[in-house]
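The block underneath contains the structure these notes are about, expressed in structure tokens.
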Amino acid sequence: MWLKIGKTILVDTLMMTLFLVVIMLLFKGPIDYVVIGQYKIKSYVVTLLQVIPGTLIFFTLLELGSTWWQKRNKK
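So in this note's numbering, spot 36 of the sequence shown is number 154, and the numbers just go up one at a time.
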């Protein structure tokens, strides 16, 4: 079970990251910068890092709920 959860987290993270990068490049562009102290960081990287944890939790719970529902309906 833990191996399935680990694979689910990995696959969901990769899909979500690719999706978010494409969306941000389409609508925001890679040339916007955010200044944090003395560092300039591309804003889509900052946005991606802010969005990853919540989306990862959402997709993982969705997958686990789906698996539970399928097992429940088989019986």
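Virtual Cβ for every residue (Gly too), placed ideally from N, Cα, C.
- When C-alpha distances from tryptophan 120 are compared across Met133, Thr178, Leu138, the shortest belongs to Thr178.
- Between threonine 185 and methionine 134, the C-beta spacing is not below 7 Å.
- With contacts defined as CB atoms closer than 7 Å, threonine 131 and glutamate 181 fail to qualify as a contacting pair.
- Closest in alpha carbon position to glycine 124, among Ile175, Lys192, Lys189, Val169, is Ile175.
- Cβ neighbours of valine 169 within its own chain (closer than 7 Å, five residues either side excluded): Leu138.
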